[in-house]
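The structure appears below as structure tokens.
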Amino acid sequence: MDDRRTDRKRSDLAVLTAWWRTRGGDGFLALPPPTRSRYTQSDGHEDAAELRARRGLAGPVSFAYWHWQSHERAFDRSGALRGELLLHWGGDHAAVAAGLGEGPAGFRLVDDGPGSAFRLDRITRRDAAGLPDPADAAGVRQFLAALDEPLERTADAVRRRPLSDAEAAWLHARLDGPLDLAAAARFALPLERRDALTPDEADRLLRAWREEYGGPSVKWAGWRELLRALLRHDHPEAWETVAALGAPAAPVMAAVPSERALETARSLALAGGPGTASAWLALHRELREPDPVRAAAVLAADLAAHGAPETALRGLYAGLVGSLTRAWRRETGAGPLAGRSHADLVAVRLTTEERLPRALRVLAALDARDHVEHVREAALGTGSADPDGALAAIGRYEAVRDGLLSGAGPDLTASESVLGDEWDRYRTLTDADVRWLRERVADPATGLQGLGFCLELLYAHGLAGPAEVEALLPRRTKDLTKKYPTTYTEWRHPLVTLTCLALDLGHPAADRLLSWWDGARPVWKDELRLLTHLGAPDEAKAAALWDFVTSPAHDVGQLMTWVLLRARLDGEHPLRVADRLLGAPGPSPYVLHRVLIGVADPAQPLWHYAVDSRSRGWWRRALEVAEHPDLSPQARAIGLETARDHCLVRYPDQVSPAPTEAERAAAREWIARHADA
7 MDDRRTDRKR
17 SDLAVLTAWW
27 RTRGGDGFLA
37 LPPPTRSRYT
47 QSDGHEDAAE
57 LRARRGLAGP
67 VSFAYWHWQS
77 HERAFDRSGA
87 LRGELLLHWG
97 GDHAAVAAGL
107 GEGPAGFRLV
117 DDGPGSAFRL
127 DRITRRDAAG
137 LPDPADAAGV
147 RQFLAALDEP
157 LERTADAVRR
167 RPLSDAEAAW
177 LHARLDGPLD
187 LAAAARFALP
197 LERRDALTPD
207 EADRLLRAWR
217 EEYGGPSVKW
227 AGWRELLRAL
237 LRHDHPEAWE
247 TVAALGAPAA
257 PVMAAVPSER
267 ALETARSLAL
277 AGGPGTASAW
287 LALHRELREP
297 DPVRAAAVLA
307 ADLAAHGAPE
317 TALRGLYAGL
327 VGSLTRAWRR
337 ETGAGPLAGR
347 SHADLVAVRL
357 TTEERLPRAL
367 RVLAALDARD
377 HVEHVREAAL
387 GTGSADPDGA
397 LAAIGRYEAV
407 RDGLLSGAGP
417 DLTASESVLG
427 DEWDRYRTLT
437 DADVRWLRER
447 VADPATGLQG
457 LGFCLELLYA
467 HGLAGPAEVE
477 ALLPRRTKDL
487 TKKYPTTYTE
497 WRHPLVTLTC
507 LALDLGHPAA
517 DRLLSWWDGA
527 RPVWKDELRL
537 LTHLGAPDEA
547 KAAALWDFVT
557 SPAHDVGQLM
567 TWVLLRARLD
577 GEHPLRVADR
587 LLGAPGPSPY
597 VLHRVLIGVA
607 DPAQPLWHYA
617 VDSRSRGWWR
627 RALEVAEHPD
637 LSPQARAIGL
647 ETARDHCLVR
657 YPDQVSPAPT
667 EAERAAAREW
677 IARHADA
């Protein structure tokens, strides 16, 4: 009894940690609880290898651990368990299961088999109707999670089991009386996902939502289900709520089709709202034209006639591919994985779909470029339903590919990670690429991210000139001086690149730009100022950069700048400059190793100081460094180590765009050839 009272006073984290310290034994390691440095599963496997080496263990060793992401999801600040703790593992599954045992008293450990993590959670109680005590937070959480578990995921929807009368009554009771909006969302969701929110509940939730957030806000977790209920019940304030939410409301409207929803989605799509064109297509198909290709052609013409933003057309294309893929899954009963493979074939086929306008076929060609080899592999492999048809579609695509891709480019408003996946395509620029990049720089609608991307490419390839300076100054001076964080990109702030260009050209605007950089405000520019020294380099600039990179100050590109600057001054490849620094006092080895890989191609340096192990660009340049005959053994070893740690070898499903089986095999073969290096 005393032990149980003590456990109740201790936090869940303390109880679980004490139990965890008792785990381990012959051939099984229980890694210590995580710190932030163990953030992913790959980090856990690395920690296990280090612990095994430190203990001098020989022979097969199995291990279990949890990482920081699981830790943050599972525990609140007080150490109370607020969700399942996922325990990951490696080695022999049976050995891990035996080493973990049944879990500490009061908790259950669920083994989902060799393909999954173990799940640790509290043991809770239910009454005869299967309902938890409303005061039991863990029991309520588990009950709601069970209600949300799908019976089936189809191409169009997630199907969940119906509620029993007792379950429905229990949920409705939680929404009775004064509403705690954050808590109410947890009970409203399982009801409305079964069309069960009542008009009165929807009205009361709407009042509470507006009161707490000063109006409709997507910050509340239950807003989608509530909006759906308002539309479903034809609530008098439903459309006022839609207007207040704007673009985010479009997918919800698509789930409750009406003429007003169709017209509202059209207005939002013409304005370029994210996600709206796809919802507009779904509504148009439901109410006007069921054939997705004909419907997309009509909507594309409407977008063109009204000068809608390019993002609207891209959203329409995504909606078209989704519609065609879902239709195929319905017809065949195929699952999500097969659906993704079929979407690749859809992209290839749409490039020659004559009913579509050229603008949509161009987007299909951009999409197909990443996936055509997957389609080919699938067609040539076993189990293809129509190999001849797929190969014929590839042939038609290849006949029109160059014409469609000429002068086309990526979505410059996409996330930095998505846009970063496009970076390596531009190591070699065609004339059409150069025209497209210059047009984007000259377009006042191109945002800072797009300018950074395009101007960096033109400058690094030596193709930026006075026209780019004149296009940006003075027309965009105010815009260009805004903060744009570039920590996780391969391109610099566009004003850094523009200043370097103006200095190289001896442009009259250079002095004005330097005066701005030397000013006291805004303070965000201070850490970037030295990056402008790459323009019109001289020994004084080199010395200032060297002072910085040998100091304890945080490097955001200064060492990369110094290496490129030194290479320009000395007329040699920057790889040799970086190589000479290895082992020398001064620069951080961590940063220097990344700079070494990053400058493998001086016409397109990789400014990102953390190796992007899912990037094809980092993989290719790591190989170039590892195989470079004029570099030191130490430099080549850094290239080899970077390649060995790349996801193409270790976790190929994380590489973007996804590699083919042939690419994966070639990567494994390369690593095998260099196993003894």
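Mapping of the sequence shown onto our numbering: position 454 corresponds to residue 460, and the numbering continues sequentially without gaps. Each residue gets a CB set at the ideal place from its N, CA and C atoms; glycine is no exception.
Taking the Cα of valine 116 as reference, the smallest distance to any Cα among Gly96, Leu91 and Leu137 is reached at Leu91.
Runs of alpha helix (DSSP H) with 4 or more residues, each lying fully within the region 71 to 108, are found at 74 to 80 and 99 to 106, listed in chain order. For alanine 584, there is no enclosing beta strand (DSSP E); the enclosing alpha helix (DSSP H) has its first and last residue at 580 to 587. Non-local C-beta neighbours of valine 447 in its own chain, meaning closer than 6 angstroms and more than five positions away in sequence, comprise Cys460, Leu461, Glu474 and Ala477, ordered along the chain. For proline 156, the enclosing beta strand (DSSP E) begins and ends at 156 to 159.
Per DSSP, reduced to three states, the secondary structure at proline 254 is helical. Per DSSP, arginine 58 is one residue of the alpha helix (DSSP H) stretching across 47 to 60.
If you look at arginine 27, you'll find it isn't in any alpha helix (DSSP H); DSSP assigns it neither H nor E. Secondary structure at serine 347: helix, using DSSP grouped into helix, strand and coil. Not a single unbroken stretch of the beta strand (DSSP E) spanning 3 or more residues falls wholly within the region 230 to 275. Buried is the label assigned to glutamate 173, since at least 16 other Cβ atoms lie within 10 Å of its Cβ. In terms of Cα proximity to glycine 468, the closest of Gly105, Lys488, Ala649 and Ala508 is Ala508.
The Cβ atoms of tryptophan 625 and alanine 590 do not sit closer than 8 angstroms to each other.
Boundaries for valine 116: no alpha helix (DSSP H) harbours it, while the beta strand (DSSP E) harbouring it runs 113 to 117, taken from the DSSP string. Taking a C-beta distance under 8 angstroms as the contact criterion, leucine 519 and proline 500 do not qualify as a contact pair. When the beta-carbon positions are compared, alanine 306 and leucine 276 stay at least 8 angstroms from each other.
Where valine 164 is concerned, the enclosing beta strand (DSSP E) starts and stops at 164 to 166. Looking at the DSSP output, proline 543 sits in no beta bridge, so it has no partner there. Residue environment: glycine 279 is assigned as buried (16 or more neighbouring CB atoms within 10 Å of its CB, all protein chains considered).
Between the region 21 to 29 and the region 99 to 116 there are three or more C-beta pairs closer than 8 angstroms, enough to call the two in contact. Excluding residues up to 5 positions away in sequence, Pro608, Ala609, Gln610 and Pro611 lie with their Cβ nearer than 8 angstroms to the Cβ of alanine 466 in the same chain. Serine 621 counts as buried, since at least 16 other C-beta atoms from the protein chains shown sit within 10 angstroms of its C-beta. Contact between the region 56 to 68 and the region 76 to 85 is absent: fewer than three C-beta pairs spanning the two stretches fall below 8 angstroms. One thing to note: histidine 94 has its Cβ within 8 angstroms of the Cβ of tryptophan 72.
Taking a C-beta distance under 8 angstroms as the contact criterion, glycine 281 and glycine 220 do not qualify as a contact pair. Secondary structure of leucine 37 (DSSP, three-state): coil.
From the listed residues Ala365, Asp636 and Ser17, the smallest Cα separation to histidine 579 is found for Asp636. With distances taken between CA atoms, alanine 683 lies nearest to Leu629 out of Ala671, Ala664, Leu629 and Val661. Contact between the region 327 to 336 and the region 157 to 169 is established, with three or more Cβ pairs separated by less than 8 angstroms.
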